[in-house]
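Undergrad:
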Amino acid sequence: AANAAISSVEESLKGKLKLGKGGSFFRQALVVVQFSISVLLIIAMIVIVTQMNYVKNKELGFDNSRSVVIPLNNNAIYEGMNTFKHELLSNNDIESVSMMAGEPGGFHDIHNFEVENKQGEILKMRTAFADFEYMKTLGLKLVAGRNFSAQYPTDTTDAVLLNRTAATFLGFTPDQAIGKWIKNTVRDSLPRRVVGVVEDFNFLSLKEKMDPLVISPDADRRVSVIRIKPGNNVKATLDKIRNTYARIAPVYPFEYNFLDQQFDRMYKKDLQQQAILTVFAGLAIFIACLGLFGLASFTATKRTKEIGVRKVIGSSTWNIVVLLSKDLLKPVLIATLIAIPVGYYTMNNWLQNYAYRISIGWWIFALAALLAAFIAVVTVSFQAIKAAMINPVKSLRSE
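Heads up, the sequence shown is in our numbering, so the first residue is 3 and it goes up one at a time.
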């Protein structure tokens, strides 16, 4: 398509156009194909950018700001995690620390559960294993009951928290769920009591629906989430955390990331698609413009005498430009009408990858059509104005 478009422009500039009906139809068909692809890519680009902005700005139900995630991925830091936590909490720059099996976006396995009033049934729910500071560190909202507390020493072995979806999944309101027993058939020999229900928060990717979650105090700890107090210098506090880590695990490298940067990691593939589509959309538009420019040159040459006659009988430059542009923009209109349903079908399927997604509104297609029309008008107008400005005497003498 690119070679054909460039060849069309070169032939136009050299005056070697074949002016038959077949040549005209081929050039128009080529422009339709090129602009259909361009409009389709523009629609795809707008949908992906809008979806990624929605994902990035969506309220997740937890506070991921000023939070450092450190993997407990070696024996030294794993065995010394309690000392590590105690030393961190003695630092006035740190608000809270929680050891957990997985941060939001991280590890949340599915286990089998038995539940009060549902004896004999095995229900599958997601799990979060963490210490008592889990809820505080992530800024979760309590909707019923209480949080884990050191005032209740048996919470370590006897208590769980549910998210709202889990309470609903089990057939309870948040208040009704309090006091009900639940047993993890994989991890626990005895049932635990529900002591609290937290508001739903997106602990998984937004590509996945909200799942029921059971939060249990457990020794299965894989990461440490450290929340820095507001107003403190993050870099300076991070240096203090690094020094503390070095004392506990001196021979291991200090690895960390920020919880609010989880977005870029979770949706890396989609962000790459966005960047690639932007490049290809720009390239497709450029090629389509070359094809349209070639068609404009072809049309202007073919209608040279007609333009001269119209100017002699009083047509203005503007009238000539409108006359040529109307015919030249028809292929662009046809291309847009083809691309819109294809774009809707394709991008609606792509959005099915997300449990939380935008709806494809009419404005997306309107914007894509306007962008294509603007690009086409600019391309056509240049050649149309050039043809309209030719001296009518020269036009009538042309062969």
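Each residue gets a CB set at the ideal place from its N, CA and C atoms; glycine is no exception.
Because the structure is a prediction, the values reported are computed rather than measured.
With C-beta atoms as the reference, is Ala-73 less than 7 Å away from Glu-257?
TA: As a position in the sequence shown, residue 73 is number 71, starting the count at 1. As a position in the sequence shown, residue 257 is number 255, starting the count at 1. The sequence shown places Pro at residue 73, rather than the Ala named in the question. Yes; because the gap between Cβ atoms is below 7 Å, this pair is in contact.
Undergrad: Start and end of the beta strand (DSSP E) containing Pro-255?
TA: If you number the sequence shown from 1, residue 255 lands on position 253. From DSSP, Pro-255 is part of no beta strand (DSSP E); its letter is neither H nor E.
Undergrad: Residues in its own chain within less than 8 Å of Ser-151 by CB, not counting five upstream and five downstream?
TA: If you number the sequence shown from 1, residue 151 lands on position 149. Taken in chain order, the residues that qualify are Phe-134 and Asp-157.
Undergrad: Sorted by chain position, which residues of the same chain lie with C-beta nearer than 8 Å to Asn-350's C-beta, five sequence neighbours on each side aside?
TA: For the purposes of this step, residue 350 is identified with residue 348 of the sequence shown, where counting begins at 1. If we look at Asn-350 and ignore the five residues flanking it on each side, its Cβ neighbours are Ile-362.
Undergrad: Any idea if Gly-173 is buried or exposed, counting beta-carbon neighbours within 10 angstroms, 16 or more meaning buried?
TA: Translated into positions along the sequence shown, residue 173 becomes position 171. Its Cβ having fewer than 16 others within 10 Å, Gly-173 is exposed.
Undergrad: Contact check, Pro-232 vs Asn-165 under 8 Å by CB: the rounded distance?
TA: Taking the first residue of the sequence shown as 1, we reach residue 232 at position 230. Taking the first residue of the sequence shown as 1, we reach residue 165 at position 163. With 8 Å as the limit, Pro-232 and Asn-165 do not qualify as a contact, their Cβ atoms being about 26 Å apart.
Undergrad: Am I right that Ser-69 and Ile-228 are in contact with their C-beta atoms under 8 Å? What's the rounded C-beta distance?
TA: Here the question's residue 69 lines up with position 67 in the sequence shown. Here the question's residue 228 lines up with position 226 in the sequence shown. Their Cβ separation, rounded to whole angstroms, is 7 Å, which keeps Ser-69 and Ile-228 in contact under 8 Å.
Undergrad: Quick one: using the 10 Å Cβ neighbour count with 16 as the cut-off for buried, is His-110 buried or exposed?
TA: Stepping through the sequence shown from its first residue, residue 110 is reached at position 108. Buried, since its Cβ has 16 or more Cβ neighbours within 10 Å.
Undergrad: What are the residues that DSSP puts in a beta bridge with Val-200?
TA: Within the sequence shown, numbered from 1, the residue matching residue 200 stands at position 198. In the DSSP output, where bridge partners are listed per residue, Val-200 has Leu-144 and Asn-165.
Undergrad: Report all residues from its chain with a CB closer than 8 Å to the CB of Trp-183; omit the five preceding and five following residues, and keep chain order.
TA: Sequence index remark: in the sequence shown, residue 183 carries index 181 (1-based). Excluding positions up to five away in sequence, the list reads Val-117, Glu-118, Pro-193, Arg-194, Arg-195 and Val-196.
Undergrad: Using a Cβ-Cβ cutoff of less than 7 Å, which residues in the same chain neighbour Ser-383 once the five nearest sequence positions on both sides are dropped?
TA: Residue 383 sits at position 381 when you count from the first residue of the sequence shown. Taken in chain order, the residues that qualify are Val-323 and Ser-327.
Undergrad: Kindly confirm or deny that the region 74-87 and the region 263-276 touch, where touching means at least three C-beta pairs closer than 8 Å.
TA: They do not touch, by the three-pair rule.
Undergrad: For Val-99, collect the residues of the same chain with a Cβ closer than 8 Å to its Cβ; drop the 5 residues on either side in sequence, then sort them by chain order.
TA: For the purposes of this step, residue 99 is taken as residue 97 along the sequence shown, with counting starting at 1. The residues are Lys-87, Leu-90, Leu-91, Glu-135, Thr-139, Ser-226, Val-227, Ile-228 and Arg-229.
Undergrad: Whole-angstrom Cβ separation of Phe-367 and Ile-45, contact assumed at under 8 Å?
TA: Residue mapping note: residue 367 aligns to position 365 of the sequence shown, counting from 1. Residue mapping note: residue 45 aligns to position 43 of the sequence shown, counting from 1. Yes, Phe-367 and Ile-45 are in contact; Cβ-Cβ is about 7 Å, under 8 Å.
Undergrad: What does a CB cutoff of less than 8 Å around Phe-115 pick up in its chain, not counting 5 residues either side in sequence?
TA: Taking the sequence shown and counting its residues from 1, the one referred to as residue 115 is at position 113. Excluding residues within five positions, the ones whose Cβ falls inside 8 Å are Ile-124, Leu-125, Lys-126, Met-127, Ile-184, Lys-185, Asn-186, Thr-187 and Val-216.
Undergrad: Return yes when the Cβ of Glu-201 is within less than 7 Å of the Cβ of Lys-424, no when it is not.
TA: Outside the displayed range of the chain (3 to 401) lies residue 424, so it cannot be described from this structure.
Undergrad: Using three-state DSSP, classify Gly-17 as helix, strand or coil.
TA: Position 15 of the sequence shown, counting from 1, holds the residue named residue 17. Here the model assigns Gly-17 a pLDDT of 42, short of 50, so the residue's position is not dependable, and the following value carries that caveat. In this structure, Gly-17 counts as coil in the three-state DSSP scheme.
Undergrad: Determine the DSSP secondary structure at Met-212, reduced to helix, strand or coil.
TA: For the purposes of this step, residue 212 is identified with residue 210 of the sequence shown, where counting begins at 1. Correct three-state label for Met-212: coil.
Undergrad: Compute the Euclidean distance between the alpha carbons of Cys-291 and Val-57, then round it to the nearest angstrom.
TA: In the sequence shown, residue 291 corresponds to position 289, counting from 1. In the sequence shown, residue 57 corresponds to position 55, counting from 1. The straight-line gap from Cα to Cα measures roughly 34 Å.
Undergrad: Identify the continuous beta strand (DSSP E) that holds Ala-78 and give its terminal residues.
TA: Position 76 of the sequence shown, counting from 1, holds the residue named residue 78. Looking at the DSSP string, Ala-78 is not in any beta strand (DSSP E); the run it does join, the alpha helix (DSSP H), is 77-81.
Undergrad: Straight-line CA distance for Thr-381 to Phe-295?
TA: Here residue 381 corresponds to residue number 379 of the sequence shown, with the count starting at 1. Here residue 295 corresponds to residue number 293 of the sequence shown, with the count starting at 1. Going from the Cα of Thr-381 to the Cα of Phe-295 covers about 6 Å.
Undergrad: Ends of the alpha helix (DSSP H) at Pro-73?
TA: Mapped onto the sequence shown, residue 73 falls at position 71. Here Pro-73 belongs to no alpha helix (DSSP H); instead the beta strand (DSSP E) covers 69-73.
Undergrad: Determine the closest residue to Arg-244 out of Asn-93, Ile-336, Ala-179 and Met-101, with distance taken between C-alpha atoms.
TA: Here residue 244 refers to the residue found at position 242 of the sequence shown. Of Asn-93, Ile-336, Ala-179 and Met-101, the residue nearest in Cα terms is Asn-93.
Undergrad: Where do the N-terminal and C-terminal ends of the alpha helix (DSSP H) with Thr-158 fall, by residue?
TA: Here residue 158 refers to the residue found at position 156 when the sequence shown is read from its first residue. Thr-158 -> alpha helix (DSSP H) spans 157-160.
Undergrad: Pick from Tyr-358, Gly-122, Leu-339 and Ile-360: whose alpha carbon is nearest that of Ile-39?
TA: Translated into the one-based positions of the sequence shown, residue 39 becomes position 37. Cα-wise, what sits closest to Ile-39 is Leu-339.
Undergrad: Sorted by chain position, which residues of the same chain lie with C-beta nearer than 8 Å to Ile-48's C-beta, five sequence neighbours on each side aside?
TA: Counted from its first residue, the sequence shown places residue 48 at position 46. For Ile-48, where only same-chain residues beyond five positions count, the Cβ hits under 8 Å are Ile-366, Leu-369 and Ala-370.
Undergrad: So, helix, strand or coil for Thr-129, using DSSP?
TA: Reading the sequence shown from its first residue, position 127 is the one you call residue 129. Reduced to three states, the DSSP call for Thr-129 is strand.
Undergrad: Who pairs with Phe-229 in a beta bridge, going by DSSP?
TA: Within the sequence shown, numbered from 1, the residue matching residue 229 stands at position 227. Phe is not the amino acid found at residue 229; the sequence shown has Arg there. DSSP lists Ser-69 and Ser-98 as partners of Arg-229.
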